[in-house]
Structures are given as C-alpha cells and as structure tokens.
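Going by our numbering, the sequence shown opens with residue 215, and the numbers climb by one from there.
All remarks here apply to the structure that follows.
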Amino acid sequence: MGHTNLQFDSAEPSLTQRVKPEGRVHEMGILEKLRYLKKYLLEPNPKTTPELLEVFASQKKVRQALKARLAEKAAAAASATTLGFVGDLMWIRRDWETFLPNATLAQLRKIDGLVGNLESVISPAFPVREFWPDLLNFNSRPELVRAFSRANGSNLFAALSFANNHTLDFGDRGALDTLKFLASEGIPCSGLRRDPTESTWAEFTQGGIRFGFYAATFGVNDRRRLA
215 MGHTNLQFDS AEPSLTQRVK PEGRVHEMGI LEKLRYLKKY LLEPNPKTTP
265 ELLEVFASQK KVRQALKARL AEKAAAAASA TTLGFVGDLM WIRRDWETFL
315 PNATLAQLRK IDGLVGNLES VISPAFPVRE FWPDLLNFNS RPELVRAFSR
365 ANGSNLFAAL SFANNHTLDF GDRGALDTLK FLASEGIPCS GLRRDPTEST
415 WAEFTQGGIR FGFYAATFGV NDRRRLA
C-alpha cells in the first residue's frame, strides 16, 4: 500500500517519506489509516542492505552514462546540417509565385539549404513568354527562384548551377543579367564566370560547415562564344 523513498545520502528517511499512502488518503478508512501509521511510525524501519545499495549505485552510474550520451547526441545534432538537391528550374509560363505546392515547400523548409540547377536565363532585357510556349530559349521571371523561400522571406538555395545548354539562350547579356540577379539574391553560383579571375567553384556555409560546389555541363548553346 505504501513505499519508502530511499535516499543514498541519508540513513534515516523523513516523516513525509515514511508516511506516503500513494495518494489514497481520501479512499482509506480510519482503521486503515491507523494501521498505516502504525506500520511506518511504530514498527522498526527495514534497514537497507549493502547489496541493495550496490544495486542503486550501479543504477545511478547507468543513468549518468545515459545522460552523458544524450548530451553528446545533442551536441552532434547541433553541429549537423542537411542539404537538399532539386532538379532543373525551367520556364513554366505562369503561376511563378505559387507553382510550388504548399506541402512541397513545407518539406523543403525543413532542410538547411538547397542546391539546384537553374536551366533558364533570368533577364529583364528580354521578354518572358506567358502565352505562346517557349520550347527552345528560356527566360523566366525572378519568382522562379524566389518561390523557394523560407517563412521569413529568405531564399532556400545555398547554391545554384548555371552550367547547362540554356545558359546562353539570350547571349552574353542574358547570362550576365542572370549572374547579377543571383548575386543580388545572395545565392552562390557555379558554371559560368564573368572573367577568368573569378573562381570556377562556389562556396557556401551551412550549420558551421563550409562547402565547395562545382557545376559542369556536357555542352552549351555555342562553344565558340565561350572562347
């Protein structure tokens, strides 16, 4: 009906510990209460054996080891990061701001950073077709990239590739406008450089970890123009 709450640092339990009917006081009759008090106040208290104390000490060590292990896992999780990879971002005609389903966006927001392939020019110097299909030369609205956003409005992309067969769909002007746009969005890019002095790869940091990102392609619109 009751129990003694053993303490490692006290040889004698307190009155509260010795008289604890486990929340059944309101259910006990007067006679039962008297017997309960007699059991814990008048009768000799059972002594804890050395063997039992050894068991308790062993359990305490196990708890301490588990606590330390959980702390190690928490520290490891704090220094970890997750990256997600998405396929080609291409011209989609309409619904630029809302083409991503809410469920998809919610899943992507669980990832620390995204890496993707931008297979479209983003340039204000050229029209974005929204009625007739654009099957050969892609120019998209900025929302194609901005739709991948966190709740606070920041972009999900940690880096983008701009190395593909649509990079030069609108010549140097379209390509340079795209690089300028990505820089304004704070998105590192690999695959095309403004001049030979720039790095051939991109760098970004997520969760305290520094990443290098290099993009390549099998071909571009006109290889002679890259010379």
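Here a beta-carbon is modelled for each residue, glycine too, at the ideal position from N, C-alpha and C.
Predicted model, so just to flag it, every value in this text is computed and none were measured.
Do GLY400 and ALA377 have their beta-carbon atoms positioned less than 9 Å apart in this structure?
The beta carbons of ALA377 and GLY400 sit no closer together than 9 Å.
Any 3 or more C-beta pairs closer than 8 Å across the segment 339 to 347 and the segment 313 to 329:
Touching, no, given that fewer than three Cβ pairs across the two stretches are closer than 8 Å.
Cβ contact check for the segment 319 to 338 and the segment 384 to 394: 3 or more pairs under 8 Å
These segments touch.
Closest residue to LEU374 among ARG407, ALA429, ILE423 (Cα-Cα distance):
Checking every option, the nearest Cα to that of LEU374 belongs to ALA429.
Exposure label - ALA290; buried when at least 16 CB within 10 Å
Looking at its Cβ environment, which holds fewer than 16 other Cβ atoms inside 10 Å, ALA290 is exposed.
C-beta contact flag for GLY330 and PHE362 at 9 Å:
Yes, they are a contact pair.
Taking all protein chains shown into account, decide if ALA225 is buried (16 or more other Cβ within 10 angstroms of its Cβ) or exposed.
Its pLDDT being 48, under 50, ALA225 is placed unreliably by the model, and nothing is read from it.
At the level of alpha carbons, what is the spacing between ALA372 and GLU268?
For ALA372 and GLU268, the distance between alpha carbons rounds to 55 Å.
In terms of alpha-carbon separation, which member of LYS287, ILE306, ASN435, ARG387 lies closest to VAL342?
Per the Cα distances, ILE306.
Three-state secondary structure (DSSP) of VAL342
Here VAL342 carries a coil assignment [DSSP, helix/strand/coil].
Between PHE299 and LEU370, what straight-line distance do the alpha-carbon atoms span, to the nearest angstrom?
About 11 Å.
Compute the distance between the beta-carbons of PHE395 and GLY327, then report whether it is under 9 Å.
No.
Enclosing alpha helix (DSSP H) for ALA429 [first to last residue]
Per DSSP, ALA429 lies in no alpha helix (DSSP H) and is assigned neither H nor E.
Return helix, strand or coil for THR419, following the three-state DSSP convention.
Here THR419 carries a strand assignment [DSSP, helix/strand/coil].
Of the choices PRO356, PRO410, SER413, whose alpha-carbon is the least far from that of THR312?
Comparing Cα-Cα distances from THR312 to each of PRO356, PRO410, SER413, the minimum goes to PRO356.
Out of LEU314, LEU297, ALA294, THR295, point me to the one whose CA is closest to LEU213's CA.
Because the chain is modelled from 215 through 441, residue 213 falls outside the range shown and cannot be assessed.
Measure from the alpha carbon of PHE352 to the alpha carbon of each residue in LEU332, ASN366, ARG364, SER368, then state which is nearest.
Of LEU332, ASN366, ARG364, SER368, the residue nearest in Cα terms is LEU332.
Could you give the DSSP three-state label for SER375: helix, strand or coil?
Three-state DSSP puts SER375 in a strand.
Which stretch, first to last residue, makes up the beta strand (DSSP E) that contains PHE299?
From DSSP, the beta strand (DSSP E) with PHE299 extends over 297 to 303.
Could you compute how far the alpha carbon of LEU266 sits from the alpha carbon of ALA279?
Rounded to whole angstroms, LEU266 to ALA279 spans 20 Å at the Cα level.
Can you name, in chain order, every residue of its own chain whose Cβ lies under 6 Å from the Cβ of ARG408, other than the five neighbours on each side?
Correct list: empty, nothing qualifies.
Just the C-alpha distance for ILE423 and LEU350, rounded to the nearest angstrom, thanks.
So the alpha carbons of these two residues sit roughly 39 Å apart.
Can you check whether the CB of PHE340 is closer than 9 Å to the CB of ARG387?
Yes, these two residues count as a Cβ contact at 9 Å.
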